[in-house]
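Undergrad: Got a structure here, written out as structure tokens. Questions coming.
Residue numbers (our numbering): 2 to 347.
Right under this line is the structure:
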């Protein structure tokens, strides 16, 4: 379903008609207003983002001319926000995550805001529910009585299984969901300390933002910015310096990495089947089948008889059928399509 021109965050994978992007913005409603909500996205997706988020002012959609990883994207937003409100507290949230308990998530972010107001670079850590090898981890210090956040000692890479099990047993490790909250002046100062070239670049872009020179300055400087994640560029060094803290959260978070995961987090029927897009006709017919994830997008009838533990995705130009436990291996098919020059499917 997720293609280069219409990626995952634009799809309704929430169990409702809302896309992941729309659900993310809706989730922010108790925390901010549309005029203070910004989206950073690639040039190819600007029109779709604007169509889905009609409540956002046009100038709040910031366009990346090319992908430069998360640090450049987040730093651009921080620098633009700083020109509007130098004392602002900024939150950074990926647009392709699912949150089951929105109220609990809001309370967790509000605690992170209080830490940010004291000058800390805050993250939202996820209380682990299993020894997950697909996520990075935050190693935290001991809790302090009366303080809802913990110091972050170190950012940990995705671990091997036995290491992940040790992390969960320790009680000192949280999943790193890459949700950040900080004062923009504090973040930009830390960016200048650790990544002076990137800081100088986004500062120059932000200075021209909204002027007739914006596109020329963006086009000239953006390709020169380092391509690096915000974790590597800023947060790891800031944690070593004692400037990062985290609020543990338990609100049904999931980063929707594959269809198997989606099947675990969305409501099922009595046989454990998840069907997305059931408003499409003629829809789906399941008989003697269980633990399926079925996505009908072509308008054809999708019928499954006597099968279990499968993913079935039917789009107008492609059909995918695979075992649920092979969901991550879909990327090998994508790689082969690229090798064959079948870019239209990618």
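Each residue gets a CB set at the ideal place from its N, CA and C atoms; glycine is no exception. Owing to the predicted nature of the structure, the values given are computational and were not obtained by experimental measurement.
1) What are the boundary residues of the beta strand (DSSP E) that residue 94 is part of?
2) Give the DSSP-derived three-state secondary structure of residue 157 in the structure shown.
3) Of all the options 290, 222 and 151, which has the alpha carbon lying nearest to the alpha carbon of residue 69?
4) Check residue 5 in the structure and name its three-state DSSP category.
5) Please classify residue 93: is it buried, with 16 or more other beta-carbons within 10 angstroms of its beta-carbon, or exposed?
6) Run the CB neighbour count on residue 98, radius 10 Å, all protein chains shown included, and call it buried at 16 or more, exposed below.
7) When burial is assigned at 16 or more other CB atoms within 10 Å of the CB, is residue 213 buried or exposed?
8) If you check the beta carbons only, do residue 78 and residue 39 fall under 8 Å apart?
9) Around the C-beta of residue 125, are 16 or more other C-beta atoms found within 10 angstroms, so that it is buried, or is it exposed?
10) Taking 8 Å as the cut-off, does the region 138-151 touch the region 198-212 (at least 3 CB pairs, one atom from each stretch)?
11) Enumerated in chain order, which unbroken segments of the beta strand (DSSP E) with a length of 3 residues or greater are wholly contained in the region 271-341?
12) In whole angstroms, give me the CA-to-CA distance for residue 281 and residue 330.
13) As an exercise, report each continuous alpha helix (DSSP H) stretch of at least 4 residues that is fully enclosed by the region 166-224, in chain order.
14) Tell me the residue span of the beta strand (DSSP E) that contains residue 262.
15) Which partner residues of residue 138 appear in the DSSP bridge assignment?
16) DSSP puts residue 43 in a beta bridge; with which residues?
17) Quick check: the Cα distance between residue 198 and residue 86, rounded to an integer number of angstroms?
18) Can you tell me whether residue 196 is buried or exposed, with buried defined as 16 or more other CB within 10 angstroms of its CB?
19) Comparing alpha-carbon positions, which option in 157, 172 and 184 lies nearest residue 143?
20) Taking 8 Å as the threshold, find out whether the region 105-115 comes into contact with the region 255-275 through three or more Cβ pairs.
21) Between the Cα of residue 57 and the Cα atoms of 242, 30, 8 and 100, which residue gives the shortest distance?
TA: Considering the structure as presented:
1) Element bounds for residue 94: n/a, residue is neither H nor E.
2) strand
3) 222
4) coil
5) buried
6) buried
7) exposed
8) yes
9) buried
10) no
11) 285-288, 294-297, 303-306, 311-315 and 320-324
12) Reliability fails at residue 281, whose pLDDT of 48 lies under 50, so the model's placement of it is uncertain and the value that follows must be treated cautiously. C-alpha separation (whole angstroms): 28 Å.
13) 185-195, 197-209 and 215-222
14) Per DSSP, residue 262 belongs to no beta strand (DSSP E); it is in the alpha helix (DSSP H), 260-266.
15) 157 and 176
16) 65
17) 23 Å
18) buried
19) 172
20) no
21) 30
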